[in-house]
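Those letters in the sequence shown? Residues 31 to 246, by the working numbering.
Okay, so here's the structure we're looking at.
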Amino acid sequence: MKPILYGYEYSVYCRIVLAVCHEKGVPVDWVEVNPFTEPVGYREHHPFNRVPALQHDDFALYETTAICRYIDDVFPGRSLQPNTLQPTDLRQRARMAQIIAVVDAYVYWPLVRQVFSHRVFGPRMGEPVDEAEIQAGLAAAKPILAALEGLASGEAYIVGSQITLADFHLGAMIDYFVAAGEGARMLQDYPKLSEWWSGLKGRDSMIDTNPLKNPG
Ligand SMILES: N[C@@H](CCC(=O)N[C@@H](CS)C(=O)NCC(=O)O)C(=O)O
31 MKPILYGYEY SVYCRIVLAV CHEKGVPVDW VEVNPFTEPV GYREHHPFNR
81 VPALQHDDFA LYETTAICRY IDDVFPGRSL QPNTLQPTDL RQRARMAQII
131 AVVDAYVYWP LVRQVFSHRV FGPRMGEPVD EAEIQAGLAA AKPILAALEG
181 LASGEAYIVG SQITLADFHL GAMIDYFVAA GEGARMLQDY PKLSEWWSGL
231 KGRDSMIDTN PLKNPG
């Protein structure tokens, strides 16, 4: 059976899973849930009421990193060479895990929830903008981007010449960040990240899964 993905249209975390599924050629059945409204019964799928959550036959899984690794491990995929989004080189594998952890711990809140949500998403949804949140997010973003610039490989992808799960984890967040003018300008200060992003953003899996592709 096709995996079922419980997700919210604008969720950056769901977009990571969708991009990975796109790369692996794995179709999913999408069930729309908005976690910000406490959907009735959804905690059965995710006890912390977040998205995404995956159901694959009798196997239920939540947490984006776990879901992406599962998709990559279980499905053979179609076109990737090598046919995995996890490097076999152990140091690159460790770097991939590190970047994903950095994204979850330090990137998501300032870049997405402070800068993107208040500069781009709020106005799109007719919600009030909190300039203080944007400025706090931009201030926090600088040392985080500097750290990621230090970790970036300088090759085509974030940990080396092979695309990995870390590209999608970071790429989904950067895409939202640069949707804000201040975010796009700030990224230019980081040459390795800018070069990496200019390559990744044109990938079909990134374009096709962009929740903002339709004008709002
Ligand atoms: N640790 C979770 C984080 C997922 C997450 O925070 N998702 C957001 C949407 S992008 C959410 O569900 N937010 C609901 C809320 O904050 O109440 C994961 O990796 O899947």
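All residues carry an ideal CB built from backbone N, CA and C; glycine is no exception.
Fair warning: this is a prediction, and the values are worked out from it, not measured in the lab.
Any Cβ of chain D within less than 8 Å of the Cβ of residue i?
i, result
"aspartate 205", "Among the protein chains of the structure shown there is no chain D, as only one such chain exists."
Which same chain residues end up closer than 7 Å to residue i when comparing Cβ atoms and leaving out the 5 residues on each side of it in sequence?
i, result
"serine 235", "Ala49, His52, Glu53"
"threonine 239", "Arg45, Leu48, Ala49, His52"
"tyrosine 136", "Ile174"
"glutamine 122", "Val189, Gly190"
"asparagine 113", "Pro106, Gly107"
"aspartate 102", "Val50, Lys54, Thr114, Leu115, Gln116, Leu195"
For residue i, does the three-state DSSP call read helix, strand or coil?
i, result
"valine 70", "coil"
"aspartate 219", "coil"
"alanine 83", "strand"
"aspartate 119", "coil"
"valine 47", "helix"
"glutamate 157", "coil"
Taking 8 Å as the limit between beta carbons, can you name the residues of its chain near residue i, skipping five residues before and five after?
i, result
"alanine 90", "His75, Ala83, Leu84"
Residue i lies in the beta strand (DSSP E); which residues open and close that run?
i, result
"glycine 180", "Note, glycine 180: premise wrong, no beta strand (DSSP E); alpha helix (DSSP H) at 161-181."
"alanine 90", "89-92"
"isoleucine 34", "34-37"
For residue i versus residue j, is the C-beta spacing smaller than 8 Å?
i, j, result
"serine 42", "alanine 202", "In the sequence on display, residue 42 carries valine and not serine. Yes."
"valine 63", "proline 69", "yes"
"glutamine 128", "leucine 181", "yes"
"alanine 171", "proline 221", "no"
Starting from residue i, trace the alpha helix (DSSP H) both ways and give me its first and last residue.
i, result
"histidine 148", "Where histidine 148 is concerned, there is no enclosing alpha helix (DSSP H), given that its DSSP letter is neither H nor E."
Determine, using beta-carbon pairs with one atom in the segment 143-154 and one in the segment 116-131, whether at least three such pairs fall under 8 Å.
With a cut-off of 8 Å, the segment 116-131 and the segment 143-154 do not count as touching, because too few Cβ pairs lie within range.
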